[in-house]
Amino acid sequence: HDALPIWMKIFLCLVVVVALADGRRTWSKWNSGRRPSKASFDAIWTSTGTVPDKLSQVPAEPLYINFGGLRVTPNMTIDTSQLIKKPTLKWNADPSALYTLLIEDNDITSAPIKWAQWLVTNIPGSDVNNGEEVATYVPSFHFTISADGQLDTTTPETSRHLVLIYKQKGRIDMSGQAGCNSGFLEPPRITDHDQLQAAYDLEGPVAGNFYRVKYSKGWTEYYICYLSKCIGSPYPLPIAGVNDSDVCPTP
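The numbering used here puts the first residue of the sequence shown at 143, with every later residue one more than the last.
As structure tokens, then:
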């Protein structure tokens, strides 16, 4: 005997249809094309070697990233000029939970480190603006130093930046640096997502995405100089016309 009355069955069917339609609209709004299946989402991470080389597991769900109208799909190559302002992010968040956001440069060639472009903790639901900014946002940029100690402006080399969301078990206290300061090459800027997850008992990544950046004329020079000014010495070494004067080059 079927215990559910016919009106209840119709109502439940309508709820499911509306939920599915809303999911498709969400993907269409935040990323180009149709919403990918979980299998195709996973395949982007594994086929590029990002999992397991850079991340031990594929994030549980996609993270929708929008840089001023630019919708980021996994493995997209983006110019630094498109990343100057903070992105908006959306994921399937529990509004009553707290989250941690990390944008991590994973392909640094000048030193064996990973660097946090942005680190925000205690995010209520998906409201990143009301989280605690441990490491303030710095646009992703990439540089390669040639054998003669000069900035290589012709290399096609790219650097992967992982954008990861972790779910917290409660509020966490993570000390950090705000703005441009001498701690730019110290923890928590120098970080590793696995160590961060273990240290604060974070769950996930519950959502994620990744993109690539390469040399960006003008902007790469500017941010090398910016970083050098913050730490108080030329980084990674003195480069003529880039970080060897009191004024940073204008992009």
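The C-beta atom is built at its ideal place from N, Cα and C for all residues, glycine as well.
Problem - Local conformation of Ser223 per DSSP, three classes - result: Taking the first residue of the sequence shown as position 1, residue 223 is located at position 81. Taken through DSSP and simplified to helix, strand or coil, Ser223 comes out as helix.
Query - Cα-Cα separation, Ile226 to Ala340 - result: Numbered from its first residue, the sequence shown carries residue 226 at position 84. Numbered from its first residue, the sequence shown carries residue 340 at position 198. Roughly 31 Å separates the two Cα atoms.
(request) Using 10 angstroms around the beta-carbon of Ile255, count the other beta-carbons present and answer buried if the total reaches 16, otherwise exposed. (result) As a position in the sequence shown, residue 255 is number 113, starting the count at 1. Classified as exposed, Ile255 has fewer than 16 neighbouring CB atoms from the shown chains inside 10 Å of its CB.
Would you list the residues sitting across from Gly350 in a DSSP beta bridge? Counting from 1 along the sequence shown, the entry for residue 350 is found at position 208. Gly350 is bridged to Pro204 and Leu306.
Handout entry: Assigned exposure category for Pro347 - 16 Cβ within 10 Å defines buried
Key = The residue given as residue 347 occupies position 205 in the sequence shown. Classification of Pro347: buried, given that the 10 Å Cβ count is 16 or more.
contact_flag[the region 295 to 302, the region 243 to 251] where n(CB pairs < 8 Å) is 3 or more
The region 295 to 302 is in contact with the region 243 to 251.
- prompt: Met218 bridges to which residues according to DSSP?
  reply: In the sequence shown, the residue the question calls residue 218 occupies position 76. Paired residue(s): Tyr353.
> With which residues is Lys180 paired in a DSSP beta bridge?
Replying inline: On the sequence shown, residue 180 is found 38 positions in, with the first residue counted as 1. Partner(s): none; Lys180 has no beta bridge.
Point to revise | Neighbourhood of Val355 by C-beta distance below 8 Å, restricted to the same chain and skipping five residues each side | key: Taking the sequence shown and counting its residues from 1, one reaches residue 355 at position 213. For Val355, same chain residues with a beta-carbon under 8 Å away, outside a window of 5 residues either side, are Thr219, Ile220, Asp221, Thr222, Leu225, Ser282, Phe283, His284, Thr300, Ser301 and His303 in chain order.
Q) Given Tyr241, which residues of its chain have a CB within under 7 Å of its CB, disregarding the five upstream and five downstream residues? A) Walking along the sequence shown from the start, residue 241 turns up at place 99. Here the set comprises Ala235, Ile265, Ile307, Tyr308, Lys309 and Gln310.
Could you work out which residue in Val214, Arg331 and Pro380 is closest to Gly291 when comparing CA atoms only? On the sequence shown, position 149 is the one that residue 291 refers to. Comparing Cα-Cα distances from Gly291 to each of Val214, Arg331 and Pro380, the minimum goes to Pro380.
- Please go through the same chain and pick out, in chain order, the residues whose beta-carbon is closer than 8 Å to the beta-carbon of Cys322, but skip the five residues on each side of it. Position 180 of the sequence shown, counting from 1, holds the residue named residue 322. Result list for Cys322: Tyr368, Lys371 and Cys372, in chain order.
inquiry  = Given this structure, state the Cα-to-Cα distance separating Tyr377 from Leu261, to the nearest angstrom.
reply    = Counting from one through the sequence shown, the residue named residue 377 turns up at place 235. Counting from one through the sequence shown, the residue named residue 261 turns up at place 119. In a straight line, the C-alpha of Tyr377 is about 22 Å away from that of Leu261.
Roughly how many whole angstroms lie between the Cα atoms of Asn208 and Arg331?
Along the sequence shown, one-based indexing puts residue 208 at 66. Along the sequence shown, one-based indexing puts residue 331 at 189. Approximately 23 Å, taken between the alpha carbons.
Q) Helix, strand or coil: which one does DSSP assign to Ser370? A) Locating residue 370 in the sequence shown gives position 228, where the first residue counts as 1. DSSP places Ser370 in helix when its eight states are reduced to three.
Mapping the DSSP letters down to three states, classify Trp260 as helix, strand or coil. Indexing the sequence shown from 1 puts residue 260 at position 118. In this structure, Trp260 counts as strand in the three-state DSSP scheme.
Status (buried if at least 16 other CB within 10 Å, exposed otherwise) for Glu328: The sequence position of residue 328 within the sequence shown is 186, counting from 1. By the neighbour-count rule (16 or more Cβ atoms within 10 Å), Glu328 is not buried but exposed.
Taking Gly273 as the reference, give the member of Asp247, Asp315 and Arg213 with the closest Cα. By 1-based counting over the sequence shown, the position of residue 273 is 131. Looking at the Cα atoms, Asp315 is the closest of the given residues.
Q | Three-state secondary structure (DSSP) of Leu197 | A | Stepping through the sequence shown from its first residue, residue 197 is reached at position 55. In this structure, Leu197 counts as coil in the three-state DSSP scheme.
query = So, are the CB atoms of Tyr364 and Thr295 less than 8 Å apart?
reply = By 1-based counting over the sequence shown, the position of residue 364 is 222. By 1-based counting over the sequence shown, the position of residue 295 is 153. Cβ atoms of Tyr364 and Thr295: not closer than 8 Å.
#### Entry: Proximity of Trp233 and Ala349 at Cβ, strictly below 8 Å
As a first step, residue 233 must be located in the sequence shown, where it is residue number 91. As a first step, residue 349 must be located in the sequence shown, where it is residue number 207. Yes. Within cutoff.
Residues in the same chain with beta-carbon distance under 6 Å from Gly374, minus the five sequence neighbours each way, listed in chain order, please. Walking along the sequence shown from the start, residue 374 turns up at place 232. Taken in chain order, the residues that qualify are Ser324.
Checklist entry - How would you call Thr392, buried or exposed, if buried means at least 16 neighbouring beta carbons within 10 angstroms? => result Here the question's residue 392 lines up with position 250 in the sequence shown. Counting other Cβ atoms within 10 Å of its Cβ, Thr392 stays below 16 and is therefore classed as exposed.
Q) According to the Cβ coordinates, are Glu203 and Thr333 closer than 8 Å? A) To locate residue 203, count along the sequence shown from 1; it is residue 61. To locate residue 333, count along the sequence shown from 1; it is residue 191. No.
Under a three-way DSSP split, which group does Thr297 fall into? As a first step, residue 297 must be located in the sequence shown, where it is residue number 155. Thr297 falls in the coil class under three-state DSSP.
Thinking C-beta only, is Asn351 closer than 8 Å to Pro216?
Here residue 216 refers to the residue found at position 74 when the sequence shown is read from its first residue. Here residue 351 refers to the residue found at position 209 when the sequence shown is read from its first residue. Using a Cβ distance threshold of 8 Å, Pro216 and Asn351 count as a contacting pair.
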